[in-house]
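K.L.:
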Amino acid sequence: MTGKPSFAELVAEGAAVPTEGWDFSWFEGRASEARPSWGYARSAGERLARAEAALDVQTGGGEVLAFALDSAAPARPALIAATEGWAPNAAKATALLRPRGAVVVTAPDDAPLPFADEAFDLVLSRHPVTPHWAEIARVLRPGGTYFAQHVGPASVFELVEYFLGPQPASARGARDPERERAAAEAAGLEIVGLRAERLRMEFHDIAAVVHFLRKVVWMVPGFTVEAYEPQLRSLHERIEREGPFVAHSARHLVDARKPHPA
Numbered sequence: 001m002t003g004k005p006s007f008a009e010l011v012a013e014g015a016a017v018p019t020e021g022w023d024f025s026w027f028e029g030r031a032s033e034a035r036p037s038w039g040y041a042r043s044a045g046e047r048l049a050r051a052e053a054a055l056d057v058q059t060g061g062g063e064v065l066a067f068a069l070d071s072a073a074p075a076r077p078a079l080i081a082a083t084e085g086w087a088p089n090a091a092k093a094t095a096l097l098r099p100r101g102a103v104v105v106t107a108p109d110d111a112p113l114p115f116a117d118e119a120f121d122l123v124l125s126r127h128p129v130t131p132h133w134a135e136i137a138r139v140l141r142p143g144g145t146y147f148a149q150h151v152g153p154a155s156v157f158e159l160v161e162y163f164l165g166p167q168p169a170s171a172r173g174a175r176d177p178e179r180e181r182a183a184a185e186a187a188g189l190e191i192v193g194l195r196a197e198r199l200r201m202e203f204h205d206i207a208a209v210v211h212f213l214r215k216v217v218w219m220v221p222g223f224t225v226e227a228y229e230p231q232l233r234s235l236h237e238r239i240e241r242e243g244p245f246v247a248h249s250a251r252h253l254v255d256a257r258k259p260h261p262a
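In terms of the UniProt record's numbering, the sequence shown is residues 1 to 262.
1) Enumerate in chain order the residues of its own chain whose CB-to-CB distance from R241 is below 8 Å, with the five nearest sequence positions on each side excluded.
2) Could you tell me which of L48, G39, A73 and A82 sits nearest to V57, measuring between CA atoms?
3) Check each candidate in S234, A262 and R175 and name the one with the smallest Cα separation from A8.
4) Can you tell me which of E33, Y146, P177 and L189 puts its alpha carbon nearest to the alpha carbon of R195?
5) Please report the distance separating the alpha-carbon of R100 from that of R126.
6) Just checking my contact of L65 with R76 at CB under 8 Å: how many whole Å lie between their CB atoms?
7) Put E13 into one of helix, strand or coil per three-state DSSP.
8) Which value, in whole angstroms, describes the spacing of the CA atoms of P5 and A207?
9) Touch check for the stretch 249 to 256 and the stretch 182 to 193: three-plus C-beta pairs under 8 Å?
10) Going along the chain, which residues of its own chain have a beta-carbon closer than 6 Å to the beta-carbon of A72, five neighbours each way excluded?
11) By Cβ distance, which residues of its chain are closer than 7 Å to V225, with the 5 residues on each side in sequence left out?
12) Whole angstroms is fine: what's the gap from V156's alpha carbon to P244's?
13) When we look at the beta-carbon of G61 and count the other beta-carbons within 10 Å, is it buried (16 or more) or exposed?
14) Give me, in chain order, the residues of the same chain whose beta-carbon lies closer than 7 Å to that of F163; leave out the 5 immediate sequence neighbours on both sides.
15) To the nearest angstrom, how far is it from the Cα of A53 to the Cα of T145?
16) So, is T94 buried or exposed, given that buried needs 16 or more other C-beta atoms within 10 angstroms?
17) Using the three-state DSSP reduction, which class does R195 fall into: helix, strand or coil?
18) Which runs of the alpha helix (DSSP H) fall wholly inside the stretch 213 to 248 and span at least 4 residues, in chain order?
19) For a test of your reading of the model: does the CB of S125 fall under 6 Å from any non-hydrogen atom of the ligand ATP? Yes or no.
20) Count the other C-beta atoms from every protein chain shown that fall within 10 angstroms of the C-beta of M1, then say buried if there are 16 or more, exposed otherwise.
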């Protein structure tokens, strides 16, 4: 009978998995995350079915937009565009979205959106690095909507603090939904709805931890197996002894509207 994979085998497996795109199917059976009750991709599809011109900001590998477009079919906007800042993701998104009638534009996440004023009646985004409210407001038509799922404050910080130690209050409070409400309103948008949830995550082996930290690079900046080998080995032994490592993700749903001029 074959025994359990060793620490070295699990770490090597987690380090070998490609990280392009936002397809998390590899984690099946190795890690889990509860999903928000609002069903973002399905709801985005309902919005797309009613839109004329839509933009997906920071689309990743295009997986979420592709699902939303498929759920909206046959009703789709006449114009569908997406932006992505990381070249490997942009290439993957282009291959996935072009057959669905969407154009993918490679654009840095922190740069102005490469589109004309009031070009879209719907702007979508799932887990943007930073929402650029002034740019979102600029490219929205009056009456248009920004509909997005954002990462919330102290998301997966149980794992972050395991590797980096206690984080300052400024880090724990970043991405606060009420601060984002204020920033959106300062850019001229009206918040129609704002919902937040914290959701249970479980990591069942150290391979899942390694792959997650390689894929979501801002969690532990500069993460490498070599740099964190002692912490990884200790966590592996803890999981083997006690069961899955539990953390909690934070998500909030933003529904904002650009008002018509007075």
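Even glycine gets a Cβ: it sits at the ideal position worked out from N, Cα and C.
P.N.:
A quick look at the data gives this:
1) In the sequence shown, residue 241 corresponds to position 241, counting from 1. Excluding its 5 nearest sequence neighbours in each direction, R241 has no C-beta neighbour in its own chain below 8 Å.
2) Reading the sequence shown from its first residue, position 57 is the one you call residue 57. It is A82 whose Cα lies nearest to the Cα of V57.
3) As a first step, residue 8 is located in the sequence shown; it is residue number 8 there, counting from the start. It is S234 whose Cα lies nearest to the Cα of A8.
4) Counted from its first residue, the sequence shown places residue 195 at position 195. Selected option, being the one with the closest Cα: P177.
5) Here residue 100 corresponds to residue number 100 of the sequence shown, with the count starting at 1. Here residue 126 corresponds to residue number 126 of the sequence shown, with the count starting at 1. It is roughly 19 Å from the alpha-carbon of R100 to the alpha-carbon of R126.
6) In the sequence shown, counting from the first residue as 1, residue 65 sits at position 65. In the sequence shown, counting from the first residue as 1, residue 76 sits at position 76. Their Cβ separation, rounded to whole angstroms, is 11 Å, which puts L65 and R76 out of contact at 8 Å.
7) Within the sequence shown, the letter at position 13 stands for residue 13. Helix, per DSSP.
8) Here residue 5 corresponds to residue number 5 of the sequence shown, with the count starting at 1. Here residue 207 corresponds to residue number 207 of the sequence shown, with the count starting at 1. Their backbone Cα atoms lie some 10 Å apart in a straight line.
9) Cβ pair count under 8 Å is three or more, so yes.
10) Counting from one through the sequence shown, the residue named residue 72 turns up at place 72. Take A72, set aside five residues on each side of it, and the residues of its chain with a beta-carbon closer than 6 Å to its own are G45, L48 and A49, in chain order.
11) The count along the sequence shown starts at 1 and reaches residue 225 at position 225. Cβ within range, chain order: V11, A15, V210 and L232.
12) Here residue 156 refers to the residue found at position 156 when the sequence shown is read from its first residue. Here residue 244 refers to the residue found at position 244 when the sequence shown is read from its first residue. The straight-line gap from Cα to Cα measures roughly 14 Å.
13) Translated into positions along the sequence shown, residue 61 becomes position 61. With 16 or more Cβ atoms within 10 Å of its Cβ, G61 is classed as buried.
14) On the sequence shown, residue 163 is found 163 positions in, with the first residue counted as 1. Answer for F163: V220, Y228 and Q231, listed in chain order.
15) As a position in the sequence shown, residue 53 is number 53, starting the count at 1. As a position in the sequence shown, residue 145 is number 145, starting the count at 1. One C-alpha to the other measures close to 11 Å.
16) On the sequence shown, residue 94 is found 94 positions in, with the first residue counted as 1. Buried, since its Cβ has 16 or more Cβ neighbours within 10 Å.
17) For the purposes of this step, residue 195 is taken as the residue at position 195 of the sequence shown. Residue state for R195 is assigned as strand, using DSSP reduced to three classes.
18) Complete alpha helix (DSSP H) runs here, min 4: 229 to 242.
19) This structure simply doesn't include the ligand ATP, nor any ligand for that matter.
20) Working through the sequence shown from its first residue, we reach residue 1 at position 1. Because M1 carries a pLDDT of 40, less than 50, the predicted location of this residue cannot be relied on, and the following value inherits that uncertainty. With fewer than 16 Cβ atoms within 10 Å of its Cβ, M1 is classed as exposed.
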